[in-house]
Amino acid sequence: MLWTLGALLACKGPPASVPDSPLPETEEEEPCVDTFLVDQVPEMPTDYETPLPIREDALPEWLSETGLYDNEGQIHPVVRPFVPRWPLWSDGVDKARWVYIPECTPIDTSDPDNWELPVGTRLWKEFSVDGQKVETRLMERLGPRPQDWAYASYLWDEAGTQARKLGPEGLAQALGTEHEIPSKAQCQACHGPAPKGGGRQSRALGFTAIQLDHSAAETDLGSLAERLSAPLESSPLNGEATTLQALGVLHANCGSCHNPTVDGLPQSDLDLSLVWGQSLEQAGVFASAVDQPTQLFSTPTVQHRIHSGDPHGSAVLRRMESRGDSAQMPPIGTHLVDEEGAAAVRAWIASL
Ligand code: HEC
Ligand code: HEC
0 MLWTLGALLA CKGPPASVPD SPLPETEEEE PCVDTFLVDQ VPEMPTDYET PLPIREDALP
60 EWLSETGLYD NEGQIHPVVR PFVPRWPLWS DGVDKARWVY IPECTPIDTS DPDNWELPVG
120 TRLWKEFSVD GQKVETRLME RLGPRPQDWA YASYLWDEAG TQARKLGPEG LAQALGTEHE
180 IPSKAQCQAC HGPAPKGGGR QSRALGFTAI QLDHSAAETD LGSLAERLSA PLESSPLNGE
240 ATTLQALGVL HANCGSCHNP TVDGLPQSDL DLSLVWGQSL EQAGVFASAV DQPTQLFSTP
300 TVQHRIHSGD PHGSAVLRRM ESRGDSAQMP PIGTHLVDEE GAAAVRAWIA SL
């Protein structure tokens, strides 16, 4: 048996036995002990030498066992819904997202762009096509190292009654729709770590300071304040609406790979991500892309990653508008052009 079940996630150990004492009784603070599905969290190696077991094996076979639902089949009350400010384009399918954060450990926000979520954190994202649930993805932090995350997708049955864990290979045309369920390698190419892909140390890409900093988020920074190791003031990411929308679209759709962190894409220094606490003018796209030569896109009419005032001569937009060829960006997870996102980027480049 690979997994030691029953590992307890107690923040403090059990209360030490209190010796008889004549002193007046002070109120003992109850130790914080997580109880929600803790016996599903396996013990992971804590050193870097021990090879990892297959993490996905530790995830339950059925979605109904992952803690997303209560006994009545409703979303469990300890699970919080959230909405990123700029979603990833997924060919227009409907998505819903939830998070469970163990109660006893705060989210370490020392690096506001790469939150350290506690061991035991679970994040779900449900995909529906024309009202029919197709898949629900689960990411779970199983151990203390950044690579101790498991990624899986649960495929729903036709009737929408239950969903079962898929293998690491993913699935094309799920339930007869055009929707493609990515492979585990593809999950990691965006979420990380992936030697030839991208990602972020946080692994979560929509449950982040920048993405939760908006009032329409059901779980926003304000409602999370008590769970953060240090409170975060709202970010100064304001500015001209055209610029804000374009840079937000690029951050969500491209920034998971095109970012300058250790887990970002190693093949290119293109930076399409936003950084917490910086103004829009400081965004990496200005130094790394605007009027910079394109290195990895060869078309006679396109010389620049972004050419000021010239959307059609900008590799960033041209690759966003490509599908089904080697120019396509993002290279995975989509078969249709994000017309709205491309329009936002086109308007911004035209305004430069
Ligand atoms: C093309 C890049 C890409 C691929 C491939 C991808 N994801 Fe994501 N995923 C994202 C981005 C970006 C977000 C945040 C924006 C959003 O949810 O719209 C996200 C959000 C999520 C969330 C919600 C938590 C969070 O990070 O905010 C889960 C859970 C998730 N993905 C799981 C998976 C799993 C499991 C796979 C593989 C089966 C996968 N993803 C494949 C880019 C990707
Ligand atoms: C899953 C990771 C991933 C995502 C997400 C992604 N890219 Fe890329 N991108 C790559 C890889 C890999 C390369 C290098 C190989 C190539 O050029 O095809 C690249 C290269 C590029 C280049 C060429 C850079 C140069 O040096 O000239 C551009 C432009 C680009 N991407 C734009 C985008 C845009 C725009 C988005 C979002 C709409 C995006 N990418 C999203 C992986 C990604």
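End of the sequence shown = 351 in numbering that gives the first Met the number 0, gap-free, step of one. Just so you know, even glycine gets a beta-carbon here, dropped at the ideal spot from N, CA and C.
>> Using the three-state DSSP reduction, which class does VAL313 fall into: helix, strand or coil?
In response: Residue identity check: residue 313 is Ser in the sequence provided, not Val. It is a strand residue.
>> Do LEU335 and HIS93 count as a contact pair if the criterion is CB distance below 7 Å?
In response: As written in the sequence, residue 93 is Asp, which differs from the His given in the question. Against a cut-off of 7 Å, the Cβ pair of LEU335 and ASP93 comes out as no contact.
>> Quick check on the burial criterion: 16 or more other C-beta atoms within 10 angstroms. Buried or exposed for VAL261?
In response: exposed
>> Between which two residues does the alpha helix (DSSP H) holding THR241 run?
In response: 240 to 253
> By how many angstroms is the C-alpha of THR241 removed from the C-alpha of THR298?
Replying inline: 27 Å
> Secondary structure at ASP264, three-state DSSP: helix, strand or coil?
Replying inline: Inspection of the sequence shows that residue 264 is occupied by Leu rather than by Asp. Coil, per DSSP.
>> On the criterion of 16 or more Cβ atoms from any shown chain inside 10 Å, does SER16 qualify as buried, or is it exposed?
In response: Its pLDDT being 47, under 50, SER16 is placed unreliably by the model, and nothing is read from it.
> Around the Cβ of TRP114, are there at least 16 other Cβ atoms within 10 angstroms (buried) or fewer (exposed)?
Replying inline: buried
>> Please return the same chain residues whose Cβ sits closer than 7 Å to the Cβ of THR176, not counting the five positions on each side in sequence.
In response: VAL128 and VAL133
> Taking PRO230 as the reference, which of PRO265, PRO145 and ASP219 has the closest Cα?
Replying inline: ASP219
> First and last residue of the alpha helix (DSSP H) that includes ALA203?
Replying inline: From DSSP, ALA203 is part of no alpha helix (DSSP H); its letter is neither H nor E.
>> If I follow the unbroken beta strand (DSSP E) through VAL344, where does it start and stop?
In response: VAL344 -> not in any beta strand (DSSP E); alpha helix (DSSP H) instead, spanning 338 to 350.
> Taking C-alpha atoms, which residue in LEU269, TYR153, VAL37 and ASP46 lies nearest to CYS103?
Replying inline: VAL37
> Contact check, ILE106 vs SER228 under 8 Å by CB: the rounded distance?
Replying inline: 7 Å
>> Please state whether the Cβ-Cβ distance between ARG121 and TYR153 is less than 7 Å.
In response: no
> Quick one: Cα of ALA346 to Cα of PHE296, how far?
Replying inline: 21 Å
> DSSP on ARG84, reduced to helix/strand/coil?
Replying inline: coil
> What number of angstroms, rounded off, separates the C-alpha of ARG163 from the C-alpha of GLU60?
Replying inline: 6 Å
> Thinking C-alpha only, which one of PRO101, LEU174, GLY308 and ALA342 is nearest CYS31?
Replying inline: PRO101
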